[in-house]
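> A single structure is presented below for examination.
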Amino acid sequence: MSDAVYPDRSRNGLFGPIGTGFIAGLTAAAGMLFSGRMISSAAVGRGHPLKHRVLDAAAGAMQRKYPLEAMSTYLNGFHMYADEMGRQVEATHFCIHLRHDLHQCVIFDSNRPDARLIGIEYIISEARFRSLPEDEKRLWHSHHYEVKSGELLAPGIPELAERTYFKDLVTTYGKTFHTWQYDRDDFPYGIPQLMMGFTEDGQINEAMVAARDQRLGISTDERRRQRAEIPMPNVVPGANSWQSGRTVQTRLEEMDFRR
Numbered sequence: 324m325s326d327a328v329y330p331d332r333s334r335n336g337l338f339g340p341i342g343t344g345f346i347a348g349l350t351a352a353a354g355m356l357f358s359g360r361m362i363s364s365a366a367v368g369r370g371h372p373l374k375h376r377v378l379d380a381a382a383g384a385m386q387r388k389y390p391l392e393a394m395s396t397y398l399n400g401f402h403m404y405a406d407e408m409g410r411q412v413e414a415t416h417f418c419i420h421l422r423h424d425l426h427q428c429v430i431f432d433s434n435r436p437d438a439r440l441i442g443i444e445y446i447i448s449e450a451r452f453r454s455l456p457e458d459e460k461r462l463w464h465s466h467h468y469e470v471k472s473g474e475l476l477a478p479g480i481p482e483l484a485e486r487t488y489f490k491d492l493v494t495t496y497g498k499t500f501h502t503w504q505y506d507r508d509d510f511p512y513g514i515p516q517l518m519m520g521f522t523e524d525g526q527i528n529e530a531m532v533a534a535r536d537q538r539l540g541i542s543t544d545e546r547r548r549q550r551a552e553i554p555m556p557n558v559v560p561g562a563n564s565w566q567s568g569r570t571v572q573t574r575l576e577e578m579d580f581r582r
């Protein structure tokens, strides 16, 4: 895509036309801060100096973030670590339907301005999943149960529209890595961890689901009933590899540096 369509607003230098506007933005942002009308980008975070908050506010007001603006769908669900079902976390997805057979999502721990970025997920069609090498399939999980159980939600969308969306999503497969183990640490320590989805009743922490439902004003059980008409697909062999009793997970490995 050319810059004529999506211009790079940083190329004119600090004191060119864009730079002049940026300075004006700083001034306006500072005025908002001092007047008490703190915009969200300036309010996020803890312990930031005023200078940084003003810079963040100005950038938020003046810079276009095209990939972020294209994120069209907000989903809420749950993941478990690929090697430990007892470690379960809530996952807030923001996704774009990039191609006919591929969605890409960024994952946060909440839908708040100060949400922590915890991972990514790629979602592909059944046809694309069938074409993957067998070793690659082990990294992917099915979405059949997440959709049919009502566990996966699209908050704020009318139920009928949500159901139509999930009729397509129920046959898809996801590959998810979490970069922040926020169930254990208050900082993104360690390496990305492979995550999986649930496949049947009795696996997910019901208290966690109930807390989510109460916070969002949504009933998972009601969503399950409303999705009864969505056909349950057959899961393609190779997905949900943990069900075999053996699984895969990432690890650090020291090796020689190659020049």
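Going by the numbering used here, the residue at position 201 of the sequence shown is 524; the numbering climbs one at a time, nothing skipped. Beta carbons are placed, not taken as given, at the ideal position from N, Cα and C, and that holds for glycine. On a predicted model such as this, the values are computed, not experimentally measured, just so you know.
1. Cα separation between residue 497 and residue 560?
2. Report the three-state DSSP secondary structure of residue 492 (helix, strand or coil).
3. Flag this pair as yes or no: are the beta carbons of residue 555 and residue 411 separated by less than 8 Å?
4. May I ask which residues mark the beginning and end of the alpha helix (DSSP H) holding residue 530?
5. I need the DSSP call for residue 510, collapsed to helix, strand or coil.
6. At the level of alpha carbons, what is the spacing between residue 521 and residue 508?
7. What's the call for residue 331, buried or exposed, on a 16-neighbour Cβ count within 10 Å?
8. Where does the unbroken alpha helix (DSSP H) through residue 385 begin, and where does it stop?
9. CB-CB under 6 Å to residue 446, same chain, minus the five flanking residues each way: which ones, in chain order?
10. When burial is assigned at 16 or more other CB atoms within 10 Å of the CB, is residue 388 buried or exposed?
11. Are there any heavy atoms of the ligand FMN lying less than 7 Å away from the beta-carbon of residue 496, as far as the coordinates show?
12. Between which two residues does the beta strand (DSSP E) holding residue 581 run?
13. State yes or no: is the C-beta of residue 519 within less than 8 Å of the C-beta of residue 466?
14. Select from 567, 485, 569, 499 the residue whose C-alpha is nearest the C-alpha of residue 414.
15. Could you say if the region 435–443 and the region 534–552 meet the contact criterion of at least three C-beta pairs nearer than 8 Å?
16. From residue 514 to residue 558, what does the alpha carbon distance come to, in whole angstroms?
17. Would you mind stating whether residue 428 and residue 416 have Cβ atoms separated by less than 8 Å?
18. From residue 461 to residue 405, what distance separates their C-alpha atoms?
19. For residue 395, does the three-state DSSP call read helix, strand or coil?
20. Short of 8 Å in beta carbon distance, which residues of its chain neighbour residue 493, apart from the five on each side in sequence? Order them along the chain.
21. Could you check whether residue 479 and residue 546 sit closer than 8 Å to each other, using their CB atoms as the reference points?
22. In angstroms, rounded to a whole number, what distance separates the CA positions of residue 441 and residue 371?
In short, the structure shows the following:
1. As a working note, residue 497 is residue 174 in the sequence shown. As a working note, residue 560 is residue 237 in the sequence shown. Taking the CA atoms as reference points, residue 497 sits about 14 Å from residue 560.
2. If you number the sequence shown from 1, residue 492 lands on position 169. Residue 492 falls in the helix class under three-state DSSP.
3. Along the sequence shown, read from residue 1 onward, the residue named residue 555 stands at position 232. Along the sequence shown, read from residue 1 onward, the residue named residue 411 stands at position 88. 8 Å or more divides the Cβ of residue 555 from the Cβ of residue 411.
4. Numbered from its first residue, the sequence shown carries residue 530 at position 207. Where residue 530 is concerned, the enclosing alpha helix (DSSP H) stretches over 529–539.
5. Walking along the sequence shown from the start, residue 510 turns up at place 187. Coil at residue 510, not helix or strand.
6. Locating residue 521 in the sequence shown gives position 198, counting from the first residue. Locating residue 508 in the sequence shown gives position 185, counting from the first residue. One C-alpha to the other measures close to 23 Å.
7. For the purposes of this step, residue 331 is taken as residue 8 along the sequence shown, with counting starting at 1. Caution is warranted here: a pLDDT of 45 is assigned to residue 331, below 50, making its placement in the model unreliable, and the coordinate value is therefore given only provisionally. Residue 331 is exposed by the Cβ-count criterion.
8. If you number the sequence shown from 1, residue 385 lands on position 62. That run of the alpha helix (DSSP H) goes 373–385.
9. Start at 1 with the first residue of the sequence shown, and residue 446 comes out as number 123. The beta carbon of residue 446 lies closer than 6 Å to those of 426, 495, 497 in the same chain, with the five residues before and after it left out.
10. As a working note, residue 388 is residue 65 in the sequence shown. Residue 388 is exposed by the Cβ-count criterion.
11. Ligands are entirely absent from the displayed structure, and the ligand FMN is therefore not among its contents.
12. Within the sequence shown, the letter at position 258 stands for residue 581. DSSP places residue 581 outside any beta strand (DSSP E), giving it a letter other than H or E.
13. Numbered from 1 along the sequence shown, position 196 holds the residue referred to as residue 519. Numbered from 1 along the sequence shown, position 143 holds the residue referred to as residue 466. It is not a contact, given that the beta carbons lie outside the stated cut-off.
14. For the purposes of this step, residue 414 is taken as the residue at position 91 of the sequence shown. Its Cα nearest to that of residue 414, the residue 499 stands out among 567, 485, 569, 499.
15. Verdict: no, contact absent.
16. Locating residue 514 in the sequence shown gives position 191, where the first residue counts as 1. Locating residue 558 in the sequence shown gives position 235, where the first residue counts as 1. Across the structure, residue 514 and residue 558 are spaced so that their CA atoms are roughly 29 Å apart.
17. For the purposes of this step, residue 428 is taken as the residue at position 105 of the sequence shown. For the purposes of this step, residue 416 is taken as the residue at position 93 of the sequence shown. Yes, the Cβ-Cβ distance between residue 428 and residue 416 is below 8 Å.
18. As a first step, residue 461 is located in the sequence shown; it is residue number 138 there, counting from the start. As a first step, residue 405 is located in the sequence shown; it is residue number 82 there, counting from the start. Approximately 10 Å between the Cα atoms of the pair.
19. Residue numbering aside, residue 395 sits at position 72 when the sequence shown is read from its first letter. DSSP places residue 395 in coil when its eight states are reduced to three.
20. Position 170 of the sequence shown, counted from the start, is the residue given in the question as residue 493. Taken in chain order, the residues that qualify are 466, 467, 470, 471, 553, 554, 555, 556.
21. In the sequence shown, counting from the first residue as 1, residue 546 sits at position 223. In the sequence shown, counting from the first residue as 1, residue 479 sits at position 156. No; because the gap between Cβ atoms is not below 8 Å, this pair is not in contact.
22. Locating residue 441 in the sequence shown gives position 118, counting from the first residue. Locating residue 371 in the sequence shown gives position 48, counting from the first residue. Between residue 441 and residue 371, the C-alpha separation is close to 21 Å.
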